[in-house]
Structure formats: structure tokens, C-alpha cells
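Chains as they are written, first to last, in my numbering: chain A, 1 to 192; chain B, 1 to 192.
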């Protein structure tokens, strides 16, 4: 049984070692990008990030994610970031700028997985040029024009693994995985 | 040297075995979703899909992707699909519907990797209920509300691996991976 137990020990260690992740979205255009930025926040939440800082702030995106959390639970939140450089400066951990111009993700994954805390920075169409300098890593998911939602999703999956299933703390709704159709468990006592 | 050569043989075999992938986007809302659907198409292209069928058709998305191809090369295209059920019916290979209500992606990945050709179907907010039945697999990337762009990106990455780098056939532009800033190689003879 030595193999089995050292296997589980390795597994437990690997799980414990998943870095905690926050996301910083800069260059959001309120009024133009609400759906895209909401998708970015949903992807961040679904793939295990703890929060998304949003610059410039946009109460409509914050509200969308609050509605998601009230149904589906968990602690993910959208945090207004009037000053994004302060968020980068004050982050205690590696700062990873996702850009198609950066170094190949595959090469950096082993190092990123060992981090205890990471801040993934995701720009829009135009990115302030100092970001390339103040980030610890400029990382590319492929070298083709891309979607920031896709790049963030793939990077989170590679660094933290596929999302762990099961309802989140405080959830009213929980999905029961199903080969056909939709099965949702509603927690007793939830508002209709 | 036996180990090394059998290693490369295995590698070559694994690479050859990557399934060819098409994407079918249904429930697109022209006028409301152009950016989101363009992001979906860009993610499909960047992560190795060959085409994206679009229902209902939207010439503005087709045109966006043609512009990308004229600069960045490759053969990816957006194909108008007035009848999406015909696309599903005529696809010679597995049909994978991405939905948060489906079975866990991790469980299905080994089987999907062995396929020679896959069609990933991605819905919008509302999905026709017969899709759950006519798909070969209903597959979830996590069990939380999500972005279809993120779900497609993660599924493609898990099934086909991270994108292979290097300029595509006919590209005018090619990125040189860089730790800081942007380096782009412009092919001689390209239009300014």
C-alpha cells in the first residue's frame, strides 16, 4: 500500500499547492464591454479565481456577479479598481500579464504552479505600455490574436487545474451532472 | 538510443492523433452579440479549430475573421449555417455539446482525444432542448455559470493541447515571443 498512500500524499500536496489567484481587468469600456467583461468575470469565478479587480470600475458588472453569487454561492467578487497600478504594486505575489506577445505559457507553467499567490492581468484592445515592464511575467497562450476570456480561461486551467465540482458555500442552486438535459438541485428554504 | 527514438515516435503518434475540430455556434444574436461571437471565433482559431459554423449567419463576424486571416494567415473560416441541425447531422465524427449541465470534461477527455474529428457545439443563453439529445456528449467545464468562450477554450486545450506556435501559412505578421514588450516580424512584400 506504500505506493497508493504516497500517491495520495502527492495528490494532496499538489492540491494544496494550487496558487490563489486574483484577476485584474484593465481597459474596460463601460457601456461598450459589459457583456465581454461579465464573461471574463464569470470565467475567472468558474475557474477558481477569488476576485476580479475592474478598471475602470463598472457597477453593472459588479451587480451581475453579485446576482450570480446569490444563486450559485461562493465568495467571488468584482472589486472596483480606480487605480490599477496600485493593485499591481500592492499584490503580494507574482504578477502575470496575459498577452499574445509574451513568452509561451507552457514554459512558465511549472514556475507559476509553485507560486502561492498570482495576479493575472488582462487588458483590452489597448494596453498601457508600462504594464509590460511592471509585470513579473508577460505570458502568451499561443501567438495568434485571441480573446482575453479564452486566454484567461486556459491560463487558469493550466495553473490551477479544472474546476472542482460541487455546490459552493451558500448556494441556492447546484447542478447534478447529467448525460442528457438539465438537472438542478434547489436548496430547501431558498427564495423562489 | 532506443528510448529516445521510441519517445519521439510516441510523441509523433500523439501529435498525429489530435482530433480535427470544428465549432458550431448556435443562438447568435446579430447586432447584440457580434463582439462575443467574434471572441468565440478567435478562440476557436487560436486553439486549433478549422472552422466555426455560425447560426444564424452574420456577415460581420465572417468579415472580422477574414481580416484576421489576411494578416495572420491560416485557413480558419466562419461558415454561415442557416440550418444548424443539418451541420450536426452531416458531421462525420463525435458531436460534443458544451453545457454547464453536462458530464465532467475530465472524465471524457481520454475518449475525446482518441476521436479523429469532433464538432463542438456552443449555445448562447437559450439552447434548443433537442440539442441535449442529438449531441453524442453533453460536457461541462465545471458546474458553475460560465462563459461559452472560456468553456470552448478550455475544452479545446484539453483535447488538442496548447496551440503550436509559429506563423501560419500565408501570414503577413508573425510574433516573436518576448519577455517584455511587443516584437512582430513583418513578412517582406506584405502590403503596408
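Where a beta carbon is used, it is the ideal one built from N, C-alpha and C, also for glycine.
Do you know how far the Cα of residue 136 of chain B is from the Cα of residue 171 of chain A?
-> 30 Å
Assess, as a yes-or-no matter, whether the segment 91 to 98 of chain B is touched by the segment 120 to 134 of chain B under the definition of 3 or more beta carbon pairs within less than 8 Å.
-> Contact holds: three or more Cβ-Cβ distances are below 8 Å.
Kindly list the residues whose CB is nearer than 7 Å to the CB of residue 41 of chain A, restricted to its own chain and excluding five residues on each side of it in sequence; keep chain order.
-> 52, 61, 65 and 78
For residue 26 of chain B, three-class secondary structure by DSSP = Coil at residue 26 of chain B, not helix or strand.
Just the C-alpha distance for residue 169 of chain B and residue 36 of chain A, rounded to the nearest angstrom, thanks.
-> 30 Å
Work out the CA separation of residue 91 of chain A and residue 174 of chain A for me, nearest whole Å.
-> Those two C-alpha atoms are separated by around 33 Å.
For residue 47 of chain B, which three-state DSSP category applies?
-> If DSSP states are grouped into helix, strand and coil, residue 47 of chain B belongs with coil.
What separation, rounded to the nearest whole angstrom, lies between the Cα atoms of residue 111 of chain A and residue 157 of chain A?
-> 15 Å
Are there 16 or more other CB atoms within 10 angstroms of the CB of residue 147 of chain A, so buried, or fewer, so exposed?
-> buried
For residue 22 of chain A, which option in A:115, A:177 and A:188 has the closest C-alpha, if you only look at C-alpha atoms?
-> A:115
Would you decide whether residue 130 of chain B is buried or exposed? Buried here means 16 or more other CB atoms lie within 10 Å of its CB.
-> exposed
Given that residue 58 of chain B touches chain A, what residues does it touch there, using C-beta distances under 9 Å?
-> Going along chain A, no residue has its Cβ under 9 Å from residue 58 of chain B, so there is no contact; the nearest lies around 16 Å.
Give me whichever residues DSSP pairs with residue 120 of chain B in a beta bridge.
-> B:23 and B:96
Could you check which residue in A:165, A:113, A:150 and A:85 has the C-alpha nearest to that of residue 56 of chain A?
-> A:85
Thinking residue 81 of chain B and residue 24 of chain B are a contact (beta carbons under 8 Å), I'd like their distance in whole angstroms, please.
-> 7 Å
Cβ-based neighbour list, residue 163 of chain B, same chain, cut-off 7 Å, excluding 5 preceding and 5 following | 46, 47 and 48
Expected contact under 8 Å - CB spacing of residue 160 of chain A and residue 18 of chain A to nearest Å = 5 Å
Does the separation of the CB atoms of residue 58 of chain A and residue 28 of chain A fall below 8 Å?
-> Judged by beta-carbon spacing, residue 28 of chain A lies within the 8 Å limit of residue 58 of chain A, meaning their Cβ atoms are closer than that value.
Residues of chain B with CB under 8 Å from residue 163 of chain A, in chain order?
-> 141, 142, 143 and 144
In the DSSP assignment, find the alpha helix (DSSP H) that holds residue 66 of chain A and state where it starts and stops.
-> 59 to 72
Quick one: what does DSSP say residue 162 of chain A is sitting in, helix, strand or coil?
-> coil
Starting from residue 47 of chain A, find everything on chain B with Cβ-Cβ shorter than 8 Å and list it in chain order.
-> 142, 150 and 154
Per DSSP, cross-strand counterpart(s) of residue 137 of chain A = Answer is A:96, bridged to residue 137 of chain A.
Ordered along the chain, which non-local residues of its own chain (more than five positions away) have a Cβ less than 7 Å from that of residue 109 of chain B?
-> 158 and 159
Can you find a CB in chain B that lies within less than 8 Å of the CB of residue 175 of chain A?
-> Cβ-Cβ to chain B under 8 Å: yes for residue 175 of chain A.
Should residue 22 of chain A be flagged as near chain B, meaning a C-beta pair shorter than 8 Å?
-> no
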